[in-house]
Amino acid sequence: MKAVERAKLVRSLRQESRRLRLLVLVIGFFLVTLTFVVVSKPDALLFNLNGRLSVDQAPRSLLIRQTVDDDDARTQRSAAAQDPKVVDDEEGTSEEEEKRALTSEPEQAKNEEKTTEPQLLAHFVGSGAGEEKKGKEGHHKMTLPTVSNYTIRDAEDSDNAKQEETKLGAVADQSDANGRSQQQAQDNAEWERKPLCDFSNFRANVCEMRGNIKIHPNASSVMYMEPASSKRNEVWKIKPYPRKGDELCLGKLRELTVKSSKAAPECTKYHNVPAVVFALTGYTGNLFHDFTDVLVPLFTTASEFNGEVQFLITDMAVWWTNKYHVVFEKLSKYPLIDFNKDGEVHCFKHAIVGLHAYMEFTIDSSKAPHNYSMVDFNRFMRRTYSLPRDSVSALGEIPKSKPRLLIISRQRTRMFLNLPEIVKMAEELGFEVVVEEANVSSDLSHFSKVVNSVDVMMGVHGAGLTNCVFLPDKATLIQIVPWGGIEGVCRIDFGNPSEQMGLRYKQYSIAVHESSLTDQYPLDHEIFKNPLAFHKGFEFIRQTFMDKQNVRLDCNRFRPVLLETLDQLNQ
49 MKAVERAKLV RSLRQESRRL RLLVLVIGFF LVTLTFVVVS KPDALLFNLN GRLSVDQAPR
109 SLLIRQTVDD DDARTQRSAA AQDPKVVDDE EGTSEEEEKR ALTSEPEQAK NEEKTTEPQL
169 LAHFVGSGAG EEKKGKEGHH KMTLPTVSNY TIRDAEDSDN AKQEETKLGA VADQSDANGR
229 SQQQAQDNAE WERKPLCDFS NFRANVCEMR GNIKIHPNAS SVMYMEPASS KRNEVWKIKP
289 YPRKGDELCL GKLRELTVKS SKAAPECTKY HNVPAVVFAL TGYTGNLFHD FTDVLVPLFT
349 TASEFNGEVQ FLITDMAVWW TNKYHVVFEK LSKYPLIDFN KDGEVHCFKH AIVGLHAYME
409 FTIDSSKAPH NYSMVDFNRF MRRTYSLPRD SVSALGEIPK SKPRLLIISR QRTRMFLNLP
469 EIVKMAEELG FEVVVEEANV SSDLSHFSKV VNSVDVMMGV HGAGLTNCVF LPDKATLIQI
529 VPWGGIEGVC RIDFGNPSEQ MGLRYKQYSI AVHESSLTDQ YPLDHEIFKN PLAFHKGFEF
589 IRQTFMDKQN VRLDCNRFRP VLLETLDQLN Q
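As numbered in the numbering used here, residues 49 to 619 make up the sequence shown, in order.
Shown next as structure tokens:
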């Protein structure tokens with residue numbers, strides 16, 4: 049018995065020795081492989097505190113999935129340690145992809161896996177020698193990471209990432225396009241709900257439409273084409289000149305019909321830009337009305353299109369459009385269309401009939417498109433006429449230069465009766481004086497440069513003061529107000545606009561002794577005691593206090609105004 053037991057013990061020791069040698073070989077192989085992986089791909093194996101690969105931190109191309117048997121809890125833990133498999137981190141990874149990853153091993157590794165190595169590895173990572181049988185029954189293949197694994201999977205990941213970025217970019221572009229389409233659809237729906245015209249402004253009526261619009265000059269009509277199912281039935285009558293309620297002005301202008309319609313003549317000319325329809329004549333020909341009735345409202349209405357707009361003008365005066373051709377060329381890149389003489393049927397997607405206008409010679413920036421203001425208009429006019437000075441210089445900045453004063457003279461009414469005396473007094477104060485007459489025939493290209501060259505401009509209330517649009521920023525406008533209690537009108541016409549342009553403004557009201565009305569009426573006449581009694585309508589005021597009055601300026605009384613102006617120029 050002892051011999052038999054001794055023989056069994058020898059065999060057992062031999063088996064244990066053989067197992068130990070195999071275990072050493074396996075550990076050595078594992079360490080060599082691990083060293084190779086760490087050198088070739090340092091981030092391939094990230095271990096947590098338990099010695100397993102952290103799923104949270106592992107590379108995309110390689111995760112370790114633990115298989116779990118269904119025996120008991122202890123068997124599950126043991127099997128989890130014995131059964132690592134290679135999977136991709138993306139959901140939906142197919143068995144075929146796993147198989148492809150497994151078969152990327154060298155042939156030698158496959159042969160080794162078919163031998164007792166998996167068993168010994170399972171025994172090594174298991175709970176001990178006593179569970180060798182369980183390790184043999186539950187073992188699985190384990191693919192060790194190699195260069196080929198990483199190279200193939202990284203390439204696939206790179207391609208997949210690029211494809212994913214392309215898809216995301218396409219989705220983002222499609223989303224932006226859908227967003228724009230939805231916004232455009234909402235805008236169109238909003239426009240379809242709005243009335244075609246807005247007659248709420250006290251100064252001007254304006255119609256604005258977006259959609260299928262046909263303008264037929266021969267029929268004096270602007271038609272907004274409606275779908276057959278539409279129940280809209282709008283008809284508006286409009287004279288597109290911003291003097292609402294002034295029948296004397298609007299009486300001779302062509303009236304247009306703006307309406308919704310389901311039938312209209314075929315288009316003969318298509319336009320890819322918006323249309324702006326407006327009228328001339330009216331009071332145009334007077335410099336002040338040229339600006340307050342047309343040029344300022346046209347700037348407010350059309351500037352947002354940056355030249356991409358078509359003007360259609362009713363009651364057009366060619367001499368007038370020629371006079372301001374540089375303004376039209378700045379606002380529109382397209383030839384003007386004479387509405388009254390045109391026989392086409394023009395088709396647009398956006399049309400505005402009438403011009404946005406507010407108070408006299410001003411822009412209401414709170415209501416204007418893009419919050420345009422008179423500062424913008426002043427800058428626009430300087431740029432349009434290529435004027436060099438954007439702002440006045442403080443006195444002394446330019447050596448040996450004097451501040452320049454422009455006196456606007458008149459030849460028929462509201463003339464300066466003592467102009468030489470006024471010039472002499474201004475020169476004695478240190479001004480370089482320039483005297484110019486502004487009238488309807490003035491060459492604006494020349495006159496604008498003269499105005500832009502001065503620091504101060506003065507004149508009796510009248511259209512000539514409209515040239516303040518060419519003054520540089522911080523220049524001074526001095527308005528001489530004739531006798532008659534018309535300070536409010538003068539303030540509205542030129543005081544508020546000039547200040548809104550960024551100019552300094554001074555208003556000087558003449559005394560009775562400075563008015564030529566003293567040559568027509570005795571000093572105790574009602575016209576001097578109570579001039580407001582003669583405010584019986586603008587025409588009566590104009591005939592009484594403007595057309596029949598000249599000014600003999602009291603230089604001693606006026607001198608402080610010029611001195612104060614000089615002080616401001618020094619600031």
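Virtual Cβ for every residue (Gly too), placed ideally from N, Cα, C.
From a predicted model like this one, the values you see are computed outputs, not experimental measurements.
- Taking 8 Å as the upper bound for CB-CB distance, residue 506 and residue 528 are in contact here, some 7 Å apart.
- Excluding sequence positions up to five before and after residue 477, its CB lies within less than 6 Å of the CB of 610, all in the same chain and listed in chain order.
- Under the three-pair Cβ rule at 8 Å, the stretch 257-276 does not count as touching the stretch 330-341.
- Under the three-state reduction of DSSP, residue 358 is assigned to strand.
- In the DSSP assignment, residue 255 falls within the unbroken beta strand (DSSP E) covering 254-264.
- Here the alpha carbons of residue 339 and residue 524 stand approximately 20 Å from one another.
- Looking at the DSSP output, residue 396 bridges to 261.
- In the structure shown, residue 459 falls within a coil segment according to DSSP collapsed to helix, strand and coil.
- DSSP places residue 285 inside the beta strand (DSSP E), whose first and last residues are 283-286.
- Look at the stretch 457-525 and you find these whole runs of beta strand (DSSP E), each 3 residues long or longer: 480-485 and 504-508.
- Annotated as proximal: residue 440 and residue 503, with beta-carbon spacing under 8 Å.
- Between the stretch 360-373 and the stretch 444-463 there are fewer than three C-beta pairs closer than 8 Å, too few to call the two in contact.
- Residue 410 sits away from residue 313, with the two beta carbons spaced by 8 Å or more.
- Counting only the Cα atoms, residue 549 lies some 17 Å from residue 436.
- Pairing residue 403 with residue 290 gives a Cβ-Cβ distance under 8 Å.
- One alpha carbon belongs to residue 481, the other to residue 472, and they sit about 9 Å apart.
- For residue 327, the secondary structure class from DSSP, reduced to helix, strand or coil, is strand.
- Going by DSSP, residue 546 is part of the alpha helix (DSSP H) stretching over 544-548.
- With respect to residue 459, residue 484 sits apart: the two C-beta atoms are not nearer than 8 Å.
- Around the CB of residue 619, fewer than 16 other CB atoms lie within 10 Å, so the residue is classed as exposed.
- Per DSSP, the unbroken beta strand (DSSP E) holding residue 270 starts and ends at 269-273.
- Residue 56 sits in a helix when the DSSP states are folded into three classes.
- Exclusion of the five residues before and after residue 62 leaves no residue of its chain whose Cβ lies closer than 7 Å to its Cβ.
- DSSP, reduced to helix, strand and coil, places residue 555 within a strand of the structure shown.
- Separation of residue 469 and residue 594 (C-alpha to C-alpha, rounded to the nearest whole angstrom) is 23 Å.
- If you check the CB distance, residue 451 and residue 479 come in under 8 Å.
- Nearest in C-alpha terms to residue 434, of all of 565, 395, 383 and 519, is 519.
- In the structure shown, the three-state DSSP call for residue 603 is helix.
- In this structure residue 279 is not in contact with residue 305, their Cβ atoms being roughly 20 Å apart against a cut-off of 8 Å.
- Residue pairing from DSSP places residue 305 in a beta bridge opposite 269 and 285.
- Rounded to whole angstroms, the separation of the alpha carbons of residue 302 and residue 431 is 33 Å.
- The residue from 325, 551, 374 and 543 with its alpha-carbon nearest to that of residue 357 is 325.
- In the three-state reduction of the DSSP assignment, residue 534 falls in the coil class.
- If the five residues before and after residue 490 are omitted, its C-beta is found closer than 6 Å to no C-beta atom of its own chain.
- Just so you know, the alpha carbons of residue 592 and residue 573 end up roughly 14 Å apart.
- Judged by their CB atoms, residue 599 and residue 562 are nearer to each other than the 8 Å cut-off.
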